[in-house]
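The structure under discussion appears below in the form of structure tokens.
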Amino acid sequence: MPVPRSLSFGLAALVAAGAVIVAPQAAVAADAPTDQLAVSVVGDGTTTGNDAVPVSIQLLDGQGELGDTIALPTSAAGDQHAFTLGANRDQQGALQQSADHRYVTLGGYDAAPGSGSLNDTAAPDTLRVIARVGSEGDVDTVTTLAGGFSLRHIRGTATVDGTRYWAGGHGGDSTDPAGGVLTVEAGGSTPTAVVSGSSNLNNGRVVDIHDGQLYLTSDRSGFSGLNTVGTGIPTAAGAPLTLVAATPAGASVAHDFAFAGDHLYVGYTEGANEGIAKYRQTGATWTWVETLPGDFWGLEARQAGDGSVLYAVRGLNQGNEIVRIVDSGDDSAFTAQTDVLATAAPQTAFRGVAFAPGFEPGTDAVGPILAKPTLSWDVRVPGGAGSALAAVLGQDTNPVATGMIADPAGEVVSASVTSSNPAVVPDEALRLDVAADGTFRLAASPAATGTAVLTVNLRTADGRTAISQLPYRVAPAFADENARGHFGMSDASAAIDAGEGYFFAADDDSNAIRLFSEQGGEAVAAFDFSDRIEFERAGEAHDFEAVAQVGDQVFWIGSTGNTRSGNVRLDRNIVLQTQVSGTGAEATLSFVGYRNVLRDALVAWDHEDQHGLGADRFGFLAATQPGVSAEGPNSLNVEGAAIAPDGTTLWIGFRSPEVGDDADALIVPVADIADVVAGADAVVGDPILLDLGGRAIRDMARAESGDYLIVAGSADDTGRFALYGWSGSLDDAPVAASGTLGIENWPGSYEGIAGVRDLADGTSVRLLLDSGTVDIYGDGTEAQDLSPVEFKLFPSQTVELSFGAAFTEKRIAVADAALRIGTPSEVSVSGFAEGERIELVLNSDPVRLATLTAGADGTARAVVTVPASVDPGAHTLTATADSGSAELAVTVLSAIADGGSGGGDQGGAGSGSDADGTLATTGSDFPAGHVALGALALLALGALALRRRGVASE
262 MPVPRSLSFG
272 LAALVAAGAV
282 IVAPQAAVAA
292 DAPTDQLAVS
302 VVGDGTTTGN
312 DAVPVSIQLL
322 DGQGELGDTI
332 ALPTSAAGDQ
342 HAFTLGANRD
352 QQGALQQSAD
362 HRYVTLGGYD
372 AAPGSGSLND
382 TAAPDTLRVI
392 ARVGSEGDVD
402 TVTTLAGGFS
412 LRHIRGTATV
422 DGTRYWAGGH
432 GGDSTDPAGG
442 VLTVEAGGST
452 PTAVVSGSSN
462 LNNGRVVDIH
472 DGQLYLTSDR
482 SGFSGLNTVG
492 TGIPTAAGAP
502 LTLVAATPAG
512 ASVAHDFAFA
522 GDHLYVGYTE
532 GANEGIAKYR
542 QTGATWTWVE
552 TLPGDFWGLE
562 ARQAGDGSVL
572 YAVRGLNQGN
582 EIVRIVDSGD
592 DSAFTAQTDV
602 LATAAPQTAF
612 RGVAFAPGFE
622 PGTDAVGPIL
632 AKPTLSWDVR
642 VPGGAGSALA
652 AVLGQDTNPV
662 ATGMIADPAG
672 EVVSASVTSS
682 NPAVVPDEAL
692 RLDVAADGTF
702 RLAASPAATG
712 TAVLTVNLRT
722 ADGRTAISQL
732 PYRVAPAFAD
742 ENARGHFGMS
752 DASAAIDAGE
762 GYFFAADDDS
772 NAIRLFSEQG
782 GEAVAAFDFS
792 DRIEFERAGE
802 AHDFEAVAQV
812 GDQVFWIGST
822 GNTRSGNVRL
832 DRNIVLQTQV
842 SGTGAEATLS
852 FVGYRNVLRD
862 ALVAWDHEDQ
872 HGLGADRFGF
882 LAATQPGVSA
892 EGPNSLNVEG
902 AAIAPDGTTL
912 WIGFRSPEVG
922 DDADALIVPV
932 ADIADVVAGA
942 DAVVGDPILL
952 DLGGRAIRDM
962 ARAESGDYLI
972 VAGSADDTGR
982 FALYGWSGSL
992 DDAPVAASGT
1002 LGIENWPGSY
1012 EGIAGVRDLA
1022 DGTSVRLLLD
1032 SGTVDIYGDG
1042 TEAQDLSPVE
1052 FKLFPSQTVE
1062 LSFGAAFTEK
1072 RIAVADAALR
1082 IGTPSEVSVS
1092 GFAEGERIEL
1102 VLNSDPVRLA
1112 TLTAGADGTA
1122 RAVVTVPASV
1132 DPGAHTLTAT
1142 ADSGSAELAV
1152 TVLSAIADGG
1162 SGGGDQGGAG
1172 SGSDADGTLA
1182 TTGSDFPAGH
1192 VALGALALLA
1202 LGALALRRRG
1212 VASE
């Protein structure tokens, strides 16, 4: 029962939690005290590198129930500063509750989102800022640190009551002031270095206040672990560090810490013994007990009955977790029971955790985690997360998200979805359809380009809740209405037709070959044969750049050369043979075999002068040496392939090298490619050079007609894309298509031809654009670097071929069954270029019957009269123009005798005819009656032979 945005239903199945913010356990009564927590959340749902992103404080309770989200400012307003952190900087964003429990604080940077490498910026040009958040959601970012922590990290802050702050970080490169711990009054901008001096003292990590004492973690020699800072909470310079909890053996880099009764917990983020170290108090110091292994960052704790409860950030990457850890009061062991409370949304990360502002923790024991309703996302594309969606504005085949909603207790669940950015996609443009079995479908109709987070809210009838968030990105509409967006990959590099409006496409950035609809959307199927292939480097991409097909056998070819950075990657030296079965959405590929043989064969062929043009004529040996880039006109880079006219030889087309002063494009044949894959030696034949106007081959395909369509472009990244047609005969030159290639608002590279029937003018062909280096969403991130892969996309574009009729089938039709001397007859021709002059000649002794001009539809007709000088009998009628010619076998009958019919041999040019016997010539559509008669003549006499004339490219 579809409902636009919410639905209630009953479920009994238990599924994995996916990205939902829950940790399902056995349901229990909810009468145990519940802690209130605050978590610093870093990210915008899209940025993945070390660029500035927004920061928010997410409130939640000890059961994982979410509360309010408090956004910190991303731009200055009055005396308030912007506050951002690096998207992937794990050592930033520690969060601490004030000693009086009224606030939480953290340190950051006065920088706009998108600013790069915040920790490398110089202060005071980029000020380090202290943010304070109160229990009413009030935010204060007035306080700054002058030149403190310049060129380095600010890691954590602490306060007693919000009137003065202490900050820890790396102050080794600062001069105003230099120090590992700074203090400043609230609202101030002139901090004092409380701890400073040597490089070890100037590099602090996280600070906090416990029981009236300021503490600091450090990873520096002599202070590695947890230290007291002076006595009490010093505000003057020169406070000493005293190590009170030393780093355990095998661990390093102490980060956050928390006290719980008679126990101390410190997170260590590196080393073989990384994890949360438990200490017991021994007088004025602390003795290590045991370490809970793991990758923990933010940390909060309290006494809980006879034991302790800890809340920790687990994992440093985006999509990490908040966990609850319950530890017994045992002084000799760390007996941890760990439950997941929350998982960060894709492309966001948790950094710090503290008790919420206004919450004063108690010492009561905690109960079990209540079971929550769960949501799992289906993974729709290879390498995807499932919990992400992208769209092209205005496209009606954009992807939809699917998955399963369930409740472990089998209660009725209500589901709804909201958008964080109504300008991009308003709530009313979201549709959540949930079936009775809990499967769901989430679709969005965007209103504008940009980014939003779609939040699915779950609530059971008894009040238990959970959410799952899905980042959503919208790319601009294509300037060409014939273009469609295809999602889940961006580096489209080779394609073949699968029939019924579908095509297979390879991605040079992965090894999956995907099946797409021409109408756009995500792949309907994917085929990856990596488990059948022995890799030189595990997980390496084959960099598929070319494909050739003969019958149901398909050969996928790697780029064969080095990487752009000059690394030798032998896994790119591959020919993968597959067999295609079925058509359309049901088409499949099956594994036949593979060989890693072309690279060595090509190098030997060139270096040993097997082509007879001189050793190393094409420079393949030099191009394959370590350190030589695959870019440039003298590299080795395969980007096109097709089966030669003999049906067995593989033609390999090169993006580079370009050959000679004219930069001719290179094709190299490899005989009997199926036998080569099966184990035969690779025999390389004579090279073929094509004049493509100084362009290289970026893709090529053999049409069903036997001709070849070539996508040509520069060997470098300047583009200059153009289409060429070629007969495949060495006697014929390629023919440049008219018009230009390109989508006005999309700078991708044309690198795939999704099948071609023939090269006749007016034939539509779908071309694929490699978009790996395109900034799809306008945020400075190239498509190949987008994560998750659901955000990646490439367009395909329908292009109508126009070669000046050079490859259009040409026909001659005679209205009557034969030509009769002296009797006017209508002759029609088709398949020529508009405005082309066509000579109509009767052979064998040539007699010009007419000169015609082709109309807009490529046709012309003339009423001609065969002169008496022509002998009756069998003849050939030809129509010849610059674009080619057609011929028709005809019978010439004797002239009609005076007073009778047939048998006469006199004749003449007829009234109004010119000396060649023409009565009229026109270029137009064929009259219906004459077309029918012409068709009969074609059937009776044999229609045509098409001959192409070599035409200079461009």
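Throughout the sequence shown, residue numbering follows the working numbering, covering 262 to 1215 in sequence. Don't be surprised by glycine CBs; every beta carbon is placed ideally from N, CA and C.
Nearest to residue i by alpha carbon, out of the options?
i      : options                            : result
Ser754 : Gln598, Pro732, Gln730 and Val808  : Val808
Pro683 : Leu715, Gly908, Ala662 and Ala667  : Leu715
Arg825 : Val889, Ile794, Val864 and Ala773  : Val889
Trp912 : Pro634, Ser479, Val811 and Gly1041 : Val811
Pro452 : Gly473, Arg425 and Asp472          : Arg425
Ile835 : Gly843, Gly827 and Gly822          : Gly822
Leu602 : Glu326, Asp789 and Gly458          : Glu326
Asp907 : Ser589, Gly619, Ala784 and Gly989  : Gly989
Ile928 : Ser680, Val945 and Val527          : Val945
Arg856 : His872, Arg793 and Ala905          : Arg793
Ile934 : Gln814, Asp993 and Leu693          : Gln814
Pro894 : Val829, Leu850, Gly974 and Asp472  : Gly974
Taking DSSP's pairing of strands, which residues face residue i in a bridge?
i      : result
Thr308 : According to DSSP, which records beta bridges pairwise, Thr308 is partnered with nothing at all.
Thr552 : Ala538
Tyr855 : Leu837
Trp558 : DSSP output for Trp558 lists no bridge partner at all.
Pro501 : BP columns for Pro501 are empty, so no partner.
Gln564 : Ser569
Val811 : Gln814
So, residue i versus residue j, is the Cβ gap smaller than 8 Å?
i       : j       : result
Ala617  : Leu320  : yes
Glu1061 : Gly1023 : yes
His803  : Arg775  : no
Thr404  : Ala372  : no
Val653  : Ala736  : yes
Arg363  : Gly398  : no
Gln579  : Asp770  : no
Ala1142 : Phe1093 : yes
Pro1056 : Phe764  : no
Gly486  : Ala500  : no
Leu1113 : Leu1138 : no
Trp547  : Leu525  : yes
Ala848  : Ala759  : yes
Ala632  : Pro669  : yes
Thr508  : Tyr529  : yes
Leu367  : Tyr572  : no
In three-state terms, what does DSSP make of residue i?
i       : result
His431  : strand
His868  : helix
Arg959  : strand
Ser791  : helix
Ile1037 : coil
Ile934  : helix
Asp1046 : helix
Ala241  : Past the boundaries of the shown model lies residue 241; the chain is included only from 262 to 1215, so the question cannot be answered.
Asp723  : coil
Asn464  : strand
Leu863  : helix
Ala1117 : coil
Gly845  : helix
Asn772  : coil
Asp329  : strand
Phe1052 : helix
Which whole-angstrom value describes the C-beta separation of residue i and residue j, a residue pair presumed to lie in contact below a C-beta threshold of 8 Å?
i       : j       : result
Arg1081 : Val1127 : 7 Å
Gln357  : Ala419  : 5 Å
Val300  : Val316  : Between Val316 and Val300 the Cβ distance is about 11 Å, and since that is not below 8 Å, they are no contact.
Ser411  : Ala384  : 4 Å
Is residue i a contact residue of the ligand GTP, with contact defined as CB to any heavy atom under 7 Å?
i      : result
Arg363 : Looking for the ligand GTP in the displayed structure turns up nothing, as the structure carries no ligands at all.
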